[in-house]
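Mapping the sequence shown onto the working numbering, position 211 (from 1) lands on 211, and the numbers just tick up by one.
Note that CB positions come from ideal geometry on N, CA and C, so glycine has one too.
Owing to the predicted nature of the structure, the values given are computational and were not obtained by experimental measurement.
Down below is the structure, laid out as structure tokens.
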Amino acid sequence: MASNIMSIGESALFAAQQQLATTSHNISNAGTPGFSRQVVQQASAGAQDQGNGFIGQGTKVNDVTRVYDGFLTKQILTAQTSASAFSAYADQIGQIDDVVADPSAGLSPALASFFKSLQDLTANPDAAASRQAVLSGSQVLAARFQSLASTLNQSRDSVNAQITSNVDAINSFAAQIASVNASITAAVGASGDTPNDLLDQRDQLVASLNKIVKVTTLPQDNGGVDVMIGNGQPLVLGDQVSKVVTVPSRDDPSRLGLGVQANNITISLPDTAFTGGALGGLLQYRTETLDVVQNTLGQIATVLAGAINDQNKLGLDANGVAGGNIFSVSPPKVIGRAGNSATAALTASVTDPSKLTTSDYQMKFDGTNYTLTRLSDGAQTVIPAAGYPTAPPPEIDGVTYPQPTMAAGDVFTIKPTVDAASSLTVSLTDPQGIATAAPIATALNTANTGSGTISAGSVDKNFLSSTVTLPLTATFSAATPPALPTSFVLTDGATPTPNTITTGVTINGVAVTGSPINYTPGATVTYQGMSFVLGGAPAGGDSFTVAANTGATKDSRNIQLMAALQTTNVIGGTSLQGAYSSLVSLVGNKTNEVQTLGAAEQSRVDSVTNQQQSESGVNTDEELANMIKFQTAYQAGAKIIQAASDMFNILFTLT
Numbered sequence: 001m002a003s004n005i006m007s008i009g010e011s012a013l014f015a016a017q018q019q020l021a022t023t024s025h026n027i028s029n030a031g032t033p034g035f036s037r038q039v040v041q042q043a044s045a046g047a048q049d050q051g052n053g054f055i056g057q058g059t060k061v062n063d064v065t066r067v068y069d070g071f072l073t074k075q076i077l078t079a080q081t082s083a084s085a086f087s088a089y090a091d092q093i094g095q096i097d098d099v100v101a102d103p104s105a106g107l108s109p110a111l112a113s114f115f116k117s118l119q120d121l122t123a124n125p126d127a128a129a130s131r132q133a134v135l136s137g138s139q140v141l142a143a144r145f146q147s148l149a150s151t152l153n154q155s156r157d158s159v160n161a162q163i164t165s166n167v168d169a170i171n172s173f174a175a176q177i178a179s180v181n182a183s184i185t186a187a188v189g190a191s192g193d194t195p196n197d198l199l200d201q202r203d204q205l206v207a208s209l210n211k212i213v214k215v216t217t218l219p220q221d222n223g224g225v226d227v228m229i230g231n232g233q234p235l236v237l238g239d240q241v242s243k244v245v246t247v248p249s250r251d252d253p254s255r256l257g258l259g260v261q262a263n264n265i266t267i268s269l270p271d272t273a274f275t276g277g278a279l280g281g282l283l284q285y286r287t288e289t290l291d292v293v294q295n296t297l298g299q300i301a302t303v304l305a306g307a308i309n310d311q312n313k314l315g316l317d318a319n320g321v322a323g324g325n326i327f328s329v330s331p332p333k334v335i336g337r338a339g340n341s342a343t344a345a346l347t348a349s350v351t352d353p354s355k356l357t358t359s360d361y362q363m364k365f366d367g368t369n370y371t372l373t374r375l376s377d378g379a380q381t382v383i384p385a386a387g388y389p390t391a392p393p394p395e396i397d398g399v400t401y402p403q404p405t406m407a408a409g410d411v412f413t414i415k416p417t418v419d420a421a422s423s424l425t426v427s428l429t430d431p432q433g434i435a436t437a438a439p440i441a442t443a444l445n446t447a448n449t450g451s452g453t454i455s456a457g458s459v460d461k462n463f464l465s466s467t468v469t470l471p472l473t474a475t476f477s478a479a480t481p482p483a484l485p486t487s488f489v490l491t492d493g494a495t496p497t498p499n500t501i502t503t504g505v506t507i508n509g510v511a512v513t514g515s516p517i518n519y520t521p522g523a524t525v526t527y528q529g530m531s532f533v534l535g536g537a538p539a540g541g542d543s544f545t546v547a548a549n550t551g552a553t554k555d556s557r558n559i560q561l562m563a564a565l566q567t568t569n570v571i572g573g574t575s576l577q578g579a580y581s582s583l584v585s586l587v588g589n590k591t592n593e594v595q596t597l598g599a600a601e602q603s604r605v606d607s608v609t610n611q612q613q614s615e616s617g618v619n620t621d622e623e624l625a626n627m628i629k630f631q632t633a634y635q636a637g638a639k640i641i642q643a644a645s646d647m648f649n650i651l652f653t654l655t
């Protein structure tokens with residue numbers, strides 16, 4: 001009996017010792033990240049029939065387990081990877097939002113100042129100071145575009161650097177997880193017991209990895225876990241690790257892409273394969289915001305340069321000669337895919353800036369057809385190879401593509417506006433080159449007897465290719481007073497005999513043929529890019545002329561049209577300022593969206609983490625109470641052993 005009591009006391013002493021050790025372990029790790037509270041699984045050792053009843057055999061320790069809720073852990077991982085993605089996105093877009101919306105550093109003040117200088121020049125077209133102000137305003141505006149583009153390029157460099165550092169961290173965590181997997185598998189195989197601290201260590205590594213990229217874990221029977229990232233790409237299989245690597249995009253070497261390397265084989269993967277976490281947030285920001293903002297800013301720069309240049313070319317400068325370009329901007333960026341044929345070549349040029357989009361494009365050749373895909377929406381234009389060369393070559397979304405040199409399988413990426421903002425410069429060096437005057441001047445014959453009128457006249461881009469010999473003369477046919485003349489004859493200034501113009505004339509946009517031309521008071525007459533309005537009551541024989549402008553110094557008609565571009569819908573159905581305001585709103589709204597969603601996800605992380613900690617975390621007050629309880633149990637166990645010893649001593653005394 002004494003020996004039985006002794007063994008019961010020893011079991012009590014051992015169990016209390018295990019409880020004290022586990023409690024001490026909990027207390028010492030109260031501040032350890034990822035530590036789960038551990039508990040001793042204690043049970044009765046059973047009882048034996050002594051003939052007069054079953055007598056208990058003491059206690060036993062079955063296991064030491066951790067308090068762990070897999071469901072809560074999955075909830076935390078899901079919320080945390082989303083919160084980390086939004087946080088990384090918000091950090092980047094917030095910097096862009098601060099710049100584009102800045103009332104002094106953004107584009108709006110420079111754009112407004114430039115157009116104000118044009119407005120001021122309309123009042124004093126021959127003032128040297130006003131001309132210099134326009135040139136200075138042009139330079140400030142170009143510098144502002146370059147500054148904004150520099151900010152975007154810095155953001156792209158920052159994204160690339162963070163992608164690289166995140167990839168390094170992914171590989172480090174993956175190697176550590178594989179190592180812990182091996183240790184857990186060995187421990188489970190050797191004893192069959194659960195290595196709680198190793199499990200916590202692995203969970204903490206998985207949680208850290210999950211902050212960088214979305215993680216999915218698959219438990220294995222041997223205690224290990226397989227780890228998938230993003231949309232299911234295997235990263236850790238037991239103690240085997242695949243390596244994530246950065247690779248230049250095959251369609252744009254300046255763009256950092258991602259791939260997975262295993263068994264010395266690297267497979268490039270799309271950005272969409274890496275979702276969630278800081279890495280997923282960075283990739284999403286680059287595609288959704290950075291690319292769009294850079295292309296949109298470039299679109300505005302290209303349209304601005306095109307509209308101002310085109311209008312300046314339609315006028316006469318201070319020296320009475322046709323104006324030239326004020327701004328210069330780079331052509332579309334064309335990039336051949338790695339692996340294209342050696343002779344592959346493609347060029348592109350912007351021929352109609354008003355039709356530009358903010359999308360990138362991809363040209364493929366299959367040996368029969370060229371297929372141009374707009375990457376923003378997948379819209380395709382198929383150009384049969386047999387159709388090249390065409391005159392003029394095909395223009396798609398404002399970009400013209402001369403015949404390329406491509407073999408079957410060759411691919412090119414076209415970025416029409418990506419570099420436009422950074423490359424925008426002022427090519428005009430002499431303010432005298434600002435074309436303030438219109439190239440034509442209208443006049444009525446001083447011998448006219450009627451009250452007919454002719455407007456000042458204007459020109460459009462078709463005037464640049466005009467073959468007419470000025471002056472252009474409109475002579476009204478005779479009529480019996482008081483009736484008005486019903487027609488007029490239009491002749492050019494060819495010598496020695498003017499030509500009567502019978503084709504190519506439109507009245508209010510309606511083509512007319514033959515001579516004479518029916519007269520409608522107030523109608524706009526258009527011929528070879530020149531437009532003017534005849535009105536009033538001309539008399540028979542009255543004539544009006546459209547001639548080359550020889551009084552360019554005081555004329556401000558062309559600069560007025562240039563200044564009017566401030567409010568003209570020249571880009572996507574809106575003005576230049578309207579387009580930039582839309583860009584500011586786009587960035588601002590996206591910033592608010594990302595910040596709001598990020599705050600909501602972080603709140604969810606905090607809530608679920610608190611719930612998990614209330615269940616699995618260490619409560620030092622509770623553990624101190626357990627310490628006292630198990631100390632008492634240990635002392636009681638010692639008393640049992642002492643009692644058994646005393647019983648032995650009594651028996652020895654009796655013998």
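Counting along the chain, I507 sits inside the beta strand (DSSP E) bounded by residues 505-507. Bridge partners of F544 according to DSSP: L444, A474. Considering only A494, T23, V303, S582, the residue with the shortest C-alpha distance to V468 is A494. Bridge pairing for P384: N369 [DSSP].
Collapsing the DSSP output to three states places R37 in coil. Here DSSP, grouped into helix, strand and coil, assigns V180 to helix. Contact check between the segment 136-151 and the segment 420-428: three or more CB pairs, one atom from each, fall below 8 Å, which counts as touching. Beta-bridge analysis with DSSP links V215 to I229. Residues of the same chain with a CB within less than 6 Å of the CB of A307, apart from the 5 flanking positions on each side, are L565, V570 in chain order. Here the alpha carbons of D63 and S191 stand approximately 11 Å from one another. Annotated three-state conformation of T486 is coil, per DSSP.
Taking a contact as a CB-CB distance under 8 Å, the pair G514 and S466 does not count as one, their CB atoms being some 21 Å apart. Beta-bridge pairing by DSSP links F412 to G336, M363. Cα atoms of Q154 and D98: separation of roughly 14 Å, rounded to the nearest angstrom. When DSSP reads this structure, Y527 sits in a beta bridge with V505, M530.
Burial is judged here by how many other beta carbons sit within 10 angstroms of a residue's own beta carbon; N295 has at least 16 and is buried. Secondary structure at P431: helix, using DSSP grouped into helix, strand and coil. Between the segment 243-252 and the segment 262-274 there are three or more C-beta pairs closer than 8 Å, enough to call the two in contact. Beta bridge pairing from DSSP links I55 with Q48. In this structure, the CA atom of Q432 is about 49 Å from the CA atom of S341. Put simply, the backbone Cα of A345 is about 8 Å away from that of G336.
With respect to G588, F86 sits apart: the two C-beta atoms are not nearer than 8 Å. Exposure of S254 is indicated by the presence of fewer than 16 other C-beta atoms within 10 angstroms of its C-beta. Sequence-distant partners of R66 (beyond 5 residues in either direction) whose C-beta falls short of 6 Å from its own C-beta, in its chain, are S36, Q38, N196. Check the Cα spacing between I96 and each of N626, N592, D621: the tightest is with N592. Scanning V61, Y89, N29 for the CA closest to the CA of L290 turns up Y89. Contact check for N231 and T272: beta-carbon distance about 7 Å, within the 8 Å limit, so the pair qualifies. Going by DSSP, G452 is part of no beta strand (DSSP E) at all; its letter is neither H nor E. For K554, the secondary structure class from DSSP, reduced to helix, strand or coil, is coil. The three-state reading of DSSP puts N325 in coil, since its state is none of H, G, I, E or B. Counting only runs of at least 3 residues, the segment 256-288 fully encloses the following beta strand (DSSP E) elements, listed from N- to C-terminal order: 265-269. Under the three-state reduction of DSSP output, P498 falls in the coil class, being neither helix nor strand. A distance below 8 Å separates the beta carbons of L356 and T417. Counted as a single uninterrupted DSSP element, the beta strand (DSSP E) harbouring A511 occupies residues 510-512. For N312, the three-state secondary structure derived from DSSP is helix.
In this model, D542 and N448 are separated by some 5 Å (Cα to Cα).
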